[in-house]
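Working notes, structure below.
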Amino acid sequence: MSLLELHDLNVVLTYSHACNDETAVEPVWRHPWRRSYHKRRKAQWETDPNYCQLVREIPPYDRGRRLYDLMDMSVFDFLTGNMDRHHYETFRVFGNNTFTLHLDHGRGFGKPFHDELTILAPLLQCCMLRQSTLTTLLK
């Protein structure tokens with residue numbers, strides 16, 4: 003997959019208006035580490051050990067807090083068992099300086115005795131985590 007194709011995957015897909023307030027518009031973004039849900043074709047992150055390097059070159063992951071937010075989201079998804087994080091939302095009013103919203107937890111807590119390590123793929127491939135997240139996890 004080319005960098006341009008990867009960038010196209012991260013463009014805003016839809017807009018939803020919360021309470022008809024233009025300042026509360028949440029763009030929906032495709033998650034770079036989403037699953038393919040295809041029997042014979044894996045997602046690129048499942049086969050490319052350097053996938054994180056590609057992601058790091060694409061806006062909005064090339065600067066700011068967004069990539070760190072995705073690392074936090076993968077930890078949260080792992081702890082809740084949510085395996086299908088295919089999209090995430092942000093507040094449009096803040097532009098690329100926004101934070102990610104953790105809205106869809108439909109599959110979370112479904113298998114309380116199963117730890118799905120592939121949920122941590124972003125963390126394992128990028129090898130990065132906020133110090134505050136690590137401190138909180140170690141408490």
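Numbered as in this note's numbering, the sequence shown ends at 141 without a single skipped number.
Glycine included, C-beta positions come from ideal geometry on N, C-alpha and C.
Arg-67 sits away from Asp-79, with the two beta carbons spaced by 8 Å or more. Note that the C-beta distance between Glu-118 and Leu-105 is not below 8 Å. For the options Val-57, Met-73, Ile-121, the alpha carbon positioned closest to that of Thr-82 is the one of Ile-121. Boundaries of the beta strand (DSSP E) around Thr-92: 89-92. Inclusion of Arg-32 and Tyr-70 in the CB contact set at 8 Å is not warranted, their separation being larger than that value.
Apart from sequence neighbours up to five positions away, the residues of its chain that approach Asp-64 with a beta-carbon distance below 8 Å are Arg-58, ordered along the chain. Ranking Lys-44, Leu-140, Gln-127 by CA distance to the CA of Leu-56 puts Gln-127 first.
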